[in-house]
Each structure stands twice: as C-alpha cells, then as structure tokens.
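One structure is given here, and the rest of the page talks about it.
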Amino acid sequence: MKEQLEQLKVQALAALQDANSPAALDELRVRYLGKKGEVTAVLKQMGKLSAEERPIMGQLANSVRAEIEEKLEERKSQIDAIVLEQKLAAEALDVTIPGEAVQMGHEHPMNQVLQEIKDIFVGLGYQIVDGPEVELADYNFTRLNIEEGHPSRDRSDTFYFANDDSVLLRTQTSPMQIRVMENTKPPICILAPGRVYRKDEADATHSPMFHQIEGLVVDENITMGDLKGALVTLMKRIYGQDAQMRFRPHHFPFTEPSCEMDMQCHKCHGTGEVNGQVCSTCHGEGWIELLGAGMVHPDVLRNCGIDPEKYSGFAFGMGLERMAMGRLKITDLRLIFDNDVRFLNQF
Ligand code: DAH
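As structure tokens, then:
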C-alpha cells in the first residue's frame, strides 16, 4: 500500500507538471483527489490494515494528498499567468501607431449663406420663425388672395396630397405671413426661412425643392422706402458696397404695389454673354431674379384681423439658392444639391 501511494504521488506530480490548461488541471484533480479518484480508492482499502499500520498509512495518504493539492495550486497559478500573458499579447494595442485621420465635415455652403443672411436681419431687429412644410391650401393660397382657379394653384405646379386639394407641400414661405399675423399684434418684424416645393424640372436655376426666406414687417407708417432700405442693406452686406441690383414693378396677389429685385449676374457681369455664347447662368438676361416683394395687401392684413387703416407692412420672399449662387459664385444650382465633396470642400 505504501508503494501504491508513493507511485500515485510520483505519477500525479508528473502529470500535473505536464498539464498546461485549466481544463487539464481540473481533469487531474478529479482523477486523483475526487470522490472516485485514485487516492480515495487507496484510502478505502485502509480497513484491511492492522491497527498499528492504519495511522501510519493514514498519515502517509494525507501527506500525499496534501502534496498533490499543493502542486495543483502551484500549476494553477503558473497556468493562469501564462493564459493572461497570451491574452495580453493577443489584445496588444500599439498606441504609437498613427491613427486613421477622420475627415471633418463643415456646414453646407448654402447654410453658411443662410446664416449670414439671418445674422444680418437679426441685427436689424428681425425675429427668426419656423413653420410647417406640409401646409393648408388656405394658408398657402386663399388667405394670400390667391383665389380658387388661379394658375399657381394648378395641380401641374403644386404637390397636393392625394386627391385632397386642401393640403399641399407649401409652394412658398409666404403662408408664414398669415401664420404670424393671425397670432401676433403689430409691431411685427420676422424672417422665416424654409423649404418649398414646386413641380419644376431641374435646370441651372430651378429645382423641385428649394429654399425661400420670407420677411414681414408690419407696423404704423411702414412704407416702400423701409422695404427698399432693408433689401439694399442686405445686398450690400452680402455682395459688397458696389453690389449691382435693380427693382422692377411686378404683380403678386398678396402685395400692392409689388416688385421684384434682381442682382447683376455674377458670371457674365451683366453682359448676358460669356465668350460669345449666351450666359447659361442668367440665360442672357444679365440679371438674376432674387426675390419678390411689396406692400402687404390690405385684404391680407384684414384676413388676419389687422386694421389696414392703422397699420401697413412690407413683405419679401427670396430664393436662398439664388442668393448663395451669387454669394459663392456658383454657376449651376444643381451643384448645391448634388452633395459632391469635391464641390463642398471648396467652401
Ligand atoms: N412668394 C412669392 C414667390 O414665391 C415671392 C414673394 C413675393 C414673397 C412678394 C413676398 C412678397 O413676401 O411680398 O414667388
């Protein structure tokens, strides 16, 4: 029995020394020290021994057991250290390797110009307001004096919702005039930028979705001189002191009198041609239409509960893309919507 125990010990210690994974160690622990293990099996034979031999063997068996346990612990911490070492090596991170550069974006050129325009008007005392792109025909047309049957209400120009002619994608930011006036008493001084939609084919100066900036000022004694002052200030701040612009008489149902304002074409400088060809940016006009404007029609004031005998106002609605084209010398509107980084990176 003594030899048996000695042999077991030698075997177990050698096997433990060779084990090199936590799983292998566990297997050996069960095999030698488990309830059905080999050391236990030897101890079960103790009954056969004489009373003198029994304590000696018992002691020997316990010390064999203790030695195996000790060796187990020792190997366990060695193996844990190796496993940790391997894991660290596998997950090593070289913090000295140069990182991959992340390309930083920046504000879209059109938004840069929008911000400039907003800043100018905020400086003049205007408040920036926002409103829905899905609009009621009542606000987009009717209350702006654009009656049923007016050509601009045509289904071929306007995106209506399904067969319902009362809801549409706004074709202009002018409905914001109504939304503000029906909720605010004069003095009113607001700027309302936003998206508008029309069934237009895209070309160098048209897109089915574009942006307008509506302005509205209502107070006592507001005149066309105030309108002109605001717009000339804007133009000079955006395009420089020698900016060339012109006002033309025009007609809008919601203003009286009405006008349009053009800026000189930045591509052909007003000549209408480039290298003997008709200028593609202004179609040979020499001028680019920027906005419509006028004195708010008395009926529109009345539609919103404002007394036209006491108050007067001016309004304007400008095309943001057109403003940006002139400001940044862009010759084709479609570049603004293409999102080509080679274009965007230039601003
Ligand atoms: N909403 C007009 C358009 O889209 C532009 C316009 C004209 C706006 C005259 C105005 C205005 O505020 O007074 O063509």
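Quick note on numbering: the sequence shown equals residues 16 to 362 in our numbering. Here a beta-carbon is modelled for each residue, glycine too, at the ideal position from N, C-alpha and C. All values reported here derive from a predicted model rather than from experimental measurement.
- Going by C-alpha distance, which of I112, A217 and E131 is nearest K373? The structure shown has nothing for residue 373, since the chain only spans 16 to 362.
- Query: Taking just the CA atoms, how far does T111 sit from L129?
  - Reply: 43 Å
- Reducing DSSP to helix, strand and coil, say where I237 ends up. coil
- Message: For G49, which residues in the same chain have their Cβ closer than 8 Å to its Cβ, ignoring the five residues on either side in sequence?
- Response: T55
- Message: Please determine whether the Cβ atom of S273 lies at a distance below 7 Å from any heavy atom of the ligand DAH.
- Response: yes
- Query: Going by the CB atoms, is the gap between K86 and L371 shorter than 8 Å?
  - Reply: No answer is possible for residue 371: it lies beyond the span of the chain, which begins at 16 and ends at 362.
- Message: What does the alpha-carbon distance come out to for the pair N178 and A116?
- Response: 52 Å
- Message: Here's the rule I'm using: 16 or more other beta-carbon atoms within 10 Å means buried, otherwise exposed. How should V211 be labelled?
- Response: buried
- Excluding the five sequence neighbours on either side, which residues of its own chain have a C-beta within less than 6 Å of the C-beta of D234, listed in chain order? P201 and P202
- Task: Compare the C-alpha of L306 against each of E163, C297, A330 and E53 and name the closest.
- Result: A330
- Task: Check whether the Cβ of E229 lies closer than 7 Å to any heavy atom of the ligand DAH, and answer yes or no.
- Result: yes
- Message: Tell me the rounded alpha-carbon separation between E324 and A219.
- Response: 44 Å
- Indicate, with yes or no, if the ligand DAH has a heavy atom lying under 7 Å from the CB of S189. yes
- Item | the ligand HEM heavy atom lying under 7 Å from the CB of T270 | Questions concerning the ligand HEM fall outside what the structure shown contains, since the ligands it does hold are the ligand DAH.
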